[in-house]
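A.B. asks:
Residue numbers (my numbering): 70 to 252.
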């Protein structure tokens, strides 16, 4: 069962209690939550919820993968699936699928067990091959620490490579700024 709208709204409000200046940037999310369609469905337009895992190792580096579809260096993540009961579950599933890192090898970053480190809204180009119009992803970025030695094993269908980057070099400027506050 996909995360309930009231749960996503509650998590968003907890997030905004920490980052009240970001409310305006989440206008598309609130519109999706107020609509009749499932906000976690990849077929909900003009915007739907996705989830990513910001994985931090013992050297204070963040895992980035090269997504084959976009060629971009991003956190492991993607669309919600029907079995994802909580948005955090989708991030953990994507981490396992794309990087081969089991949920048992990670733990939520202290203080971020129930709230994402970041929520980012970004544009996605139309994809005629999938009959998808241009739309937006509202990406809930969940922070985890790597608790056990674990090799990265890439999902060859979707991922072309990976890098561990220091906090100061994280690909996302908003994640980079929020990680800087953790020092």
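Ideal Cβ placement from N, Cα and C applies to all residues, glycine included.
#1: Of all the alpha helix (DSSP H) runs that stay within the bounds of the stretch 120-205, which reach a length of 4 or more residues?
#2: Using the three-state DSSP reduction, which class does residue 221 fall into: helix, strand or coil?
#3: Roughly how many whole angstroms lie between the Cα atoms of residue 214 and residue 122?
#4: Only counting the same chain, and skipping five residues up and downstream in sequence, which positions put a Cβ closer than 7 Å to that of residue 92?
#5: Identify the continuous beta strand (DSSP E) that holds residue 92 and give its terminal residues.
#6: Which whole-angstrom value describes the C-beta separation of residue 217 and residue 174, a residue pair presumed to lie in contact below a C-beta threshold of 8 Å?
#7: Using the rule of at least 16 other Cβ atoms within 10 Å of the residue's Cβ for burial, across every protein chain shown, is residue 194 buried or exposed?
#8: Classify residue 241 as buried or exposed, calling it buried when 16 or more other Cβ atoms lie within 10 Å of its own Cβ.
#9: Note down, in chain order, each residue of its chain lying with its Cβ closer than 7 Å to the Cβ of residue 147, except the 5 sequence neighbours on either side.
#10: Should residue 228 and residue 150 be called a contact, given that it needs their Cβ atoms to be closer than 8 Å?
#11: Using DSSP with H/G/I as helix, E/B as strand and the rest coil, what is residue 41?
#12: If contact is defined by three or more beta carbon pairs under 8 Å, each pair taking one atom from either stretch, is the stretch 96-115 in contact with the stretch 132-140?
#13: Going by the CB atoms, is the gap between residue 189 and residue 243 shorter than 8 Å?
#14: What's the gap between the Cα of residue 127 and the Cα of residue 80?
#15: Can you tell me which of the three DSSP states residue 212 falls into?
#16: Could you give the C-beta distance for residue 184 and residue 87, rounded to a whole number, given that I count them as a contact under 8 Å?
#17: Quick check on the DSSP output: the alpha helix (DSSP H) that includes residue 111 runs from which residue to which?
C.D. replies: In terms of the structure at hand:
#1: 156-168
#2: coil
#3: 10 Å
#4: 85
#5: It is not in any beta strand (DSSP E) - residue 92 carries neither H nor E in the DSSP assignment.
#6: 4 Å
#7: exposed
#8: buried
#9: 119 and 163
#10: no
#11: Nothing in the structure corresponds to residue 41, since the chain is present only between 70 and 252.
#12: no
#13: yes
#14: 27 Å
#15: strand
#16: 7 Å
#17: Element bounds for residue 111: n/a, residue is neither H nor E.
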